[in-house]
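Asks:
Protein chains in written order, with this note's numbering: chain A, 1 to 408; chain B, 1001 to 1322.
Right, here's the structure in full:
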């Protein structure tokens, strides 16, 4: 008798339950999308600030300096313009820093703008504003700064990548920072890869299940979670201070340096990515089928012969993939470099493991910390350079991974 | 390294003796090369222990120097609320408080979002949607933290100031750093939780459907509880990442220790403080230098404990369905 009503209520309840279910389904989807939206916002924000309108102010109108526009002059003519418009002493000093004949065209072009024209950035606008409200910006500018010249500028450019650091944002570039990062990565990987793979081979192939080996394994997992800045402090105390004779190059006859060198930073970074490399290499070695080892042993190979000629060749793609991911971690890592003491204003290329250096993320950090808008613009451009480097590294990793899955 | 098997090592007796079996020596011989290699590989493994010991030694020794200074006392360090080592005010609470505030904000963003995203990816998404959404989320994990710092300062702060008013929100503030940190940790939480959810066997879900549960009920009342240990581990690793994160807070949370509970104000975290002080011209053996290591020790202990707890949770509470 009560059965029909009961069915009715449970049907109703089911409808409610299903409705709640579909509402939550949408909430779950939205949560997933928020992550992706944030990623898009981040990329948009960076691209938006890497390009856009700039208002310059000149002390001297560049059109009056020569009979043609400055960008059509040859290098020698530019040197002449420079010589004619700055004091003898100032020119002599520039010549002493680096002879005019040795300087590049871009360098001299920059000098003319910096010293003679006296170019100064009045204001900058992000890309969206520049495209959508150009007329408003122009009107605003003619009212506030009638002298200023408005130009569209791509902060990320070939010049930006090839120029060294400079004190003015519009002449600054990231060449020294890119080279510093490359040096750093080379040293890091040279140290970390053999040791990391060695440790992984030991743990997977040699280690028996005893307390010491268990401790090593737990310890590696724990080290992977230690904040990077703590590694920086370790590097500061050990590599920069305690090992100063080694890291400053004093042992090798380098005199003009302290411990805050590429080598010290590279050693610190190597310790930082070591757990990542070990854990990834362990996974790769684990994936090598046991039958290969048994076959090698069956033919009378020793343990090391088995590892060297059977296990490692088959694990190499996996190890490389893991190492590339570790490198991309190291390229973007900033905090330990700050603590170890990367210099922020370096205008000469790093020339070896014992030179002072700066790195791309350090440059981004210092530029971001500056209050002026134009430094935010070049920070965004430097971030684009960094992201492009990371993207190409990760593409290599993906290609390797695909090859790996095809082979086994 | 020799790569071909050593043929001379095979006892000749076996070849020559047909019929009479002489004992073949199968005892393990000492091979010097092998032993050296094994020694080297062991050394590689042990290096990690030396790294940990090195961290503990360095942080411990310099902190000890710090606490041995006449003007420094442990009671002040853990009790006072002003941090100005240069004038001997060394209460660590402003730094710890800012770290906790930013981490709390980050977790309150990343845990609900990460868990929801994990449930969606593991329970709802079609394989095709999953193959697009999951790698895209993982891109977030690969972005350097300095880039997130830039994002916090030039995007999130501006949005916060537009919403809550420029008078209420300082340019450098903990909320913006915390929110962006939450976005940074989101992929970590979602991918670790998703792994845990996917590891729950299908039979449990089917049993739940068989009892008439809807998809949502199955997900939240069967699958999530079954994967709780993995989710808890993800949560703790997330906190540990938030506490140790440096660049976002160094750029966006402000420079200068301040004891405040207002998320819209500037305050310096432990990591931000270490980065700012060591980034300047720092003379060794000054009180500033030593104090950094005391802060670093605190940081290391917190993150190390969190990581250990997370590993214990996974090891002990993992439910095995075999």
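For every residue, glycine included, the Cβ atom is placed at its ideal position computed from N, Cα and C.
Taking only three categories from DSSP, how would you classify residue 148/A?
Replies: To locate residue 148/A, count along the first chain from 1; it is residue 148. In the structure shown, residue 148/A sits in coil (DSSP, three-state: anything other than H, G, I, E or B).
Asks: Assuming residue 156/A and residue 150/A are in contact, meaning their beta carbons sit under 8 Å apart, how far apart are those beta carbons, in whole angstroms?
Replies: Position 156 of the first chain, counted from the start, is the residue given in the question as residue 156/A. Position 150 of the first chain, counted from the start, is the residue given in the question as residue 150/A. Contact doesn't hold; Cβ gap of about 19 Å is too wide.
Asks: Check for me: the alpha helix (DSSP H) holding residue 1066/B runs from which residue to which?
Replies: Numbered from 1 along the second chain, position 66 holds the residue referred to as residue 1066/B. Taken as a continuous stretch (DSSP letters only), the alpha helix (DSSP H) holding residue 1066/B covers 1032-1068.
Asks: Counting only the same chain and skipping the five closest in sequence on each side, list residues whose C-beta sits under 8 Å from that of residue 409/A.
Replies: Given that chain A is displayed from residue 1 to residue 408, the structure contains no residue 409/A and the question cannot be resolved.
Asks: Beta-carbon of residue 1215/B versus every beta-carbon of chain A: anything under 7 Å?
Replies: On the second chain, residue 1215/B is found 215 positions in, with the first residue counted as 1. By this cut-off, residue 1215/B is an interface position.
Asks: Could you spell out the range, first to last residue, of the beta strand (DSSP E) harbouring residue 120/A?
Replies: Here residue 120/A refers to the residue found at position 120 when the first chain is read from its first residue. Start and end: 120-124.
Asks: At least one CB of chain B closer than 7 Å to the CB of residue 45/A: is that the case?
Replies: Numbered from its first residue, the first chain carries residue 45/A at position 45. At least one chain B Cβ lies under 7 Å of residue 45/A.
Asks: Taking the straight line between their C-alpha atoms, what separation do you get for residue 374/A and residue 124/A?
Replies: Taking the first chain and counting its residues from 1, one reaches residue 374/A at position 374. Taking the first chain and counting its residues from 1, one reaches residue 124/A at position 124. Each residue's alpha carbon lies about 6 Å from the other.
Asks: Output the boundary residues of the alpha helix (DSSP H) element that contains residue 320/A.
Replies: Residue numbering aside, residue 320/A sits at position 320 when the first chain is read from its first letter. Element bounds for residue 320/A: 312-332.
Asks: Could you check which residue in 1060/B, 1064/B, 1082/B and 1088/B has the C-alpha nearest to that of residue 1071/B?
Replies: Translated into the one-based positions of the second chain, residue 1071/B becomes position 71. Checked all of 1060/B, 1064/B, 1082/B and 1088/B; the closest Cα to residue 1071/B is 1088/B.
Asks: For residue 339/A, which residues from the same chain have a beta carbon less than 8 Å from its beta carbon, with the 5 sequence-adjacent residues on both sides left out?
Replies: Indexing the first chain from 1 puts residue 339/A at position 339. Contacts found: 229, 232, 233, 235 and 236.
Asks: How would you call residue 180/A, buried or exposed, if buried means at least 16 neighbouring beta carbons within 10 angstroms?
Replies: As a first step, residue 180/A must be located in the first chain, where it is residue number 180. By the neighbour-count rule (16 or more Cβ atoms within 10 Å), residue 180/A is buried.
Asks: Determine, for residue 1172/B, whether the minimum Cβ-Cβ distance to residues of chain A falls below 7 Å.
Replies: Against the second chain, residue 1172/B aligns to sequence position 172. It does not; no Cβ of chain A falls within 7 Å.
Asks: Note down, in chain order, every chain B residue with its Cβ under 7 Å from the Cβ of residue 409/A.
Replies: Because chain A here runs from 1 to 408, residue 409/A falls outside it and cannot be looked at.
Asks: Give the secondary structure of residue 1238/B by DSSP, where H, G and I count as helix, E and B as strand, and everything else as coil.
Replies: Taking the first residue of the second chain as position 1, residue 1238/B is located at position 238. It is helical.
Asks: Alpha carbon to alpha carbon, what distance is there between residue 1255/B and residue 1198/B?
Replies: Walking along the second chain from the start, residue 1198/B turns up at place 198. Walking along the second chain from the start, residue 1255/B turns up at place 255. Cα to Cα, the separation comes out at about 43 Å.
Asks: Can you tell me the Cα-Cα spacing of residue 344/A and residue 369/A, whole angstroms?
Replies: The count along the first chain starts at 1 and reaches residue 344/A at position 344. The count along the first chain starts at 1 and reaches residue 369/A at position 369. Distance between the alpha carbons of residue 344/A and residue 369/A is about 12 Å.
Asks: Where do the ends of the alpha helix (DSSP H) carrying residue 360/A lie?
Replies: Looking up residue 360/A in the first chain gives position 360. Residue 360/A -> alpha helix (DSSP H) spans 360-369.
Asks: Taking the alpha-carbon positions, what's the residue 1166/B to residue 1151/B distance?
Replies: Here residue 1166/B is taken as the residue at index 166 of the second chain, counted from 1. Here residue 1151/B is taken as the residue at index 151 of the second chain, counted from 1. So the two alpha carbons sit approximately 18 Å from each other.
Asks: How far does the beta strand (DSSP E) with residue 1317/B in it reach, from first residue to last?
Replies: The count along the second chain starts at 1 and reaches residue 1317/B at position 317. Element bounds for residue 1317/B: not the beta strand (DSSP E) but the alpha helix (DSSP H), 1287-1317.
Asks: Mind the definition here: the segment 31-47 of chain A touches the segment 1180-1190 of chain B only if three or more C-beta pairs lie below 8 Å; say whether that holds.
Replies: Touching, per the Cβ criterion.
Asks: Kindly indicate the opening and closing residues of the alpha helix (DSSP H) around residue 1077/B.
Replies: For the purposes of this step, residue 1077/B is identified with residue 77 of the second chain, where counting begins at 1. Looking at the DSSP string, the run of the alpha helix (DSSP H) that includes residue 1077/B is 1074-1079.
Asks: With distances taken Cα to Cα, identify the nearest neighbour of residue 1275/B among 1295/B, 1031/B and 1050/B.
Replies: Here residue 1275/B corresponds to residue number 275 of the second chain, with the count starting at 1. That would be 1295/B, whose Cα lies nearest to the Cα of residue 1275/B.
Asks: Can you tell me whether DSSP reads residue 346/A as helix, strand or coil?
Replies: Translated into positions along the first chain, residue 346/A becomes position 346. DSSP places residue 346/A in coil when its eight states are reduced to three.
Asks: With a threshold of 8 Å on Cβ separation, who are the neighbours of residue 325/A within its own chain once the five nearest residues in sequence on each side are excluded?
Replies: Counting from 1 along the first chain, the entry for residue 325/A is found at position 325. Only 276, 280, 394 and 397 meet the Cβ criterion.
Asks: Residue 202/A touches chain E at which residues, Cβ-Cβ below 7 Å?
Replies: Note that chain E does not occur in the displayed structure, where the protein chains are A and B.
Asks: If you reduce the DSSP assignment to three classes, tell me which class residue 293/A lands in.
Replies: Stepping through the first chain from its first residue, residue 293/A is reached at position 293. Reduced to three states, the DSSP call for residue 293/A is helix.
Asks: Taking 7 Å as the CB-CB limit, is residue 1151/B close to chain A?
Replies: In the second chain, the residue the question calls residue 1151/B occupies position 151. Yes, its Cβ sits closer than 7 Å to a Cβ of chain A.
Asks: Please list, in chain order, the residues of the segment 22-37 of chain A that have any C-beta partner in chain B closer than 7 Å.
Replies: Those would be 24, 25, 27, 28, 29, 31, 32, 34, 35 and 36, in chain order.
Asks: Restricting to runs no shorter than 4 residues, where is the alpha helix (DSSP H) found entirely within the segment 1126-1166 of chain B?
Replies: Counting whole runs of 4 or more residues, the segment 1126-1166 of chain B contains the alpha helix (DSSP H) stretches 1127-1142, 1145-1151 and 1157-1164.
Asks: Please confirm whether residue 1117/B has its beta-carbon closer than 7 Å to some beta-carbon of chain A.
Replies: Within the second chain, residue 1117/B is the residue found at index 117, counting from 1. Yes, its Cβ sits closer than 7 Å to a Cβ of chain A.
Asks: Under 7 Å Cβ-Cβ, which residues of chain B neighbour residue 410/A?
Replies: Outside the displayed span of chain A (1 to 408) sits residue 410/A, for which this structure offers no information.
Asks: Within a Cβ cutoff of 7 Å, which residues of the same chain sit near residue 366/A, ignoring the five residues on either side of it in sequence?
Replies: Counting from one through the first chain, the residue named residue 366/A turns up at place 366. Excluding positions up to five away in sequence, the list reads 344.
Asks: Here's a check: name, in chain order, each residue in its chain whose Cβ is nearer than 6 Å to the Cβ of residue 1016/B, leaving out the five neighbours to either side.
Replies: Counting from one through the second chain, the residue named residue 1016/B turns up at place 16. The predicted model places residue 1016/B with a pLDDT of 48, which falls under 50 and marks its position as unreliable; any figure quoted below should be read in that light. Correct list: empty, nothing qualifies.
Asks: Is the Cβ-Cβ distance between residue 378/A and residue 270/A less than 7 Å?
Replies: To locate residue 378/A, count along the first chain from 1; it is residue 378. To locate residue 270/A, count along the first chain from 1; it is residue 270. Going by C-beta atoms, residue 378/A is not nearer than 7 Å to residue 270/A.
Asks: Measure the beta-carbon distance from residue 364/A to residue 382/A and round it to whole angstroms, keeping in mind my assumption that it falls under 8 Å.
Replies: As a working note, residue 364/A is residue 364 in the first chain. As a working note, residue 382/A is residue 382 in the first chain. Indeed they touch by this definition, with Cβ atoms about 5 Å apart.
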